[in-house]
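To keep things clear, I will list the structure first and then write my remarks on it.
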Amino acid sequence: MDKKKLIISDAEIPTIVQEKVDLAFTQIYEEEERTMKKRSFRIVKKIVATAAALGVVILSGVCITNPSFAEEVPVVGNVFSSIGHKLGFGGDYEKYAKPIASDSLNDAVALSQTVDGNTVTLQDIYCDEKAMYISMIIESKEAFPINQMYPDLDNKDMYMFYLFDSKLKYSFETEDSSYNNNSLDYLSGEFIDDNTFQGVVKVDLDYVLNYYSKDVLDSSDYYTDANTPVSHYELPDSFTVDFELNDIVTDINNPEFSKLSTEEQDSLGFRNEYENWWIDGPWKFSFEVKVDRENTTSRTIAVEGVSGLSEITVCKTPFELELEYDDPNADYIVVALDKDGKHMSAVNNLDMVPVDGHDISEITLYVCDYYDYMDEIKGLQLEGDGAKDILDEKALWSGKIEF
């Protein structure tokens, strides 16, 4: 398994890998106009470490349809159709997504639960062999602090909420993976009104299917490196998910923050009134997932002349390309151009590339030295017409794949 795709816990790891992990996080967040990076990374590490140290207690899912709220939210299917192309991992979700549940008459319904006047609704779902996408609607009893929130840098109508304090239990899991933290990350979307938000959350199944076993973690005191054995679940055609969401959090720009002393600012933890807004649950759901295997295609290409890298497999889904290659020490970055020579930029994971807006009937792959890419290549104009010329000059290897 590619260790670049694992969330690193607080355990000690080799210096070179840690440096590259830190550089990756710097690249992902360096254009952000807020101080999200340190707080977000710290809370993810804390959650992973806590789950590993204590294990996880799974509570049974609760599915409640709220008739009074059902009239307030868009009809089933509308979230994906209205914001699908605005997402960083955008696409024609409405062509593939299905209602997350049905009633006794087999009519489509959403799953809703209200806690202290705040309602969370799960509307539609799509799952392929690489990722699961769920459309959600949040109705807050108090108005969202929209004027203090940070919009997406590329689309000022889009916002993000953290769903870190959550747990998903998959029916195919066993006790062997009980130490692994299967939580949600971010809900991306837009506001319907001052009290209603609609968005989509993505679950990367690589984190779910590949895991460190309980015995391995027990025997290694949670120290992991490139040689630590990784266990794997096979993804079934259908499975059940029990989902618990404990809170919904976002960053805000509270003017009162600037009035605090430096010492007071540094002492603030995650979820504080000066930098965050949140509502508390827990909201609990259970739902069935059916995997779409018909729209996933893979191609493998041999790589020559690059030390330690023999091949790259590209897995194409309706929404993304996943670039798979064995590079445990993170020595390389693989960059993709579409048929028109346009750079296919990643959103969060460097090896997961959205396909929306690209002709992917043919793609060109470039293998770049990690430090060359981070220090020089990524700072060049890859988003312009000169991406091919830059990569032809700077990359270690290139090759074409057709779909």
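Using our numbering, you'd call the opening residue of the sequence shown number 169 and step up by one each time.
Glycine residues also receive a C-beta, built at the ideal position from the N, C-alpha and C atoms.
Our two residues, Val247 and Asp386, have alpha carbons roughly 43 Å apart in a direct line. Annotation for Lys484: no alpha helix (DSSP H) segment contains it, though the beta strand (DSSP E) segment containing it runs 479-484. Under the DSSP definition of a beta bridge, Asn378 partners with His400. A direct Cα-to-Cα measurement between Asp519 and Thr418 gives close to 26 Å. In terms of Cα proximity to Ile480, the closest of Asn349, Lys427, Asp499, Val471 is Val471. Taking 9 Å as the cut-off, the beta carbon of Asp499 is found no closer than this to the beta carbon of Ser478.
Note on geometry: alpha-carbon atoms of Phe438 and Phe425 lie some 14 Å from one another. Sequence-distant partners of Lys484 (beyond 5 residues in either direction) whose C-beta falls short of 6 Å from its own C-beta, in its chain, are Thr465, Phe571.
Residue environment: Ile420 is assigned as buried (16 or more neighbouring CB atoms within 10 Å of its CB, all protein chains considered).
The straight-line gap separating the alpha-carbon atoms of Pro450 and Leu559 is approximately 48 Å.
Assigned with DSSP and collapsed to three states, Ala470 falls in strand.
A straight-line Cα-Cα distance of about 42 Å links Thr532 and Gln316.
For Glu456, the enclosing beta strand (DSSP E) has its first and last residue at 444-458. CA-CA distance, Asp448 to Asn349, rounds to 20 Å. Taking C-alpha positions only, Leu331 is separated from Val368 by approximately 12 Å. By alpha-carbon distance to Val283, the top candidate from Pro267, Ile306, Val457 is Ile306. Counting C-beta pairs with one atom in each stretch, the region 352-365 and the region 330-344 have three or more that are closer than 8 Å, which means they touch.
Collapsing the DSSP output to three states places Leu385 in a helix. If the five residues before and after Asp362 are omitted, its C-beta is found closer than 8 Å to the C-beta atoms of Ala311, Phe312, Ile314, all from its own chain and listed in chain order. By the CB criterion at 9 Å, Ser345 and Lys382 fall inside the cutoff. Taking all protein chains shown into account, Tyr391 has fewer than 16 neighbouring C-beta atoms within 10 Å of its C-beta and is therefore exposed. Per DSSP, Gly525 has no beta-bridge partner at all. Between Glu443 and Asn422, the CB-CB gap stays under 9 Å.
Fewer than three Cβ pairs drawn from the region 547-561 and the region 455-463 lie within less than 8 Å of each other, which leaves the two stretches out of contact. In the structure shown, the three-state DSSP call for Ser270 is strand. Judged by DSSP in its simplified three-state form, Gln316 adopts helix.
Segment contact: the region 291-306 against the region 261-280, three or more CB-CB distances shorter than 8 Å; contact assigned. In the three-state reduction of the DSSP assignment, Thr430 falls in the helix class, which pools H, G and I.
For Lys556, no beta strand (DSSP E) run applies; the uninterrupted alpha helix (DSSP H) run containing it begins and ends at 555-562, by DSSP.
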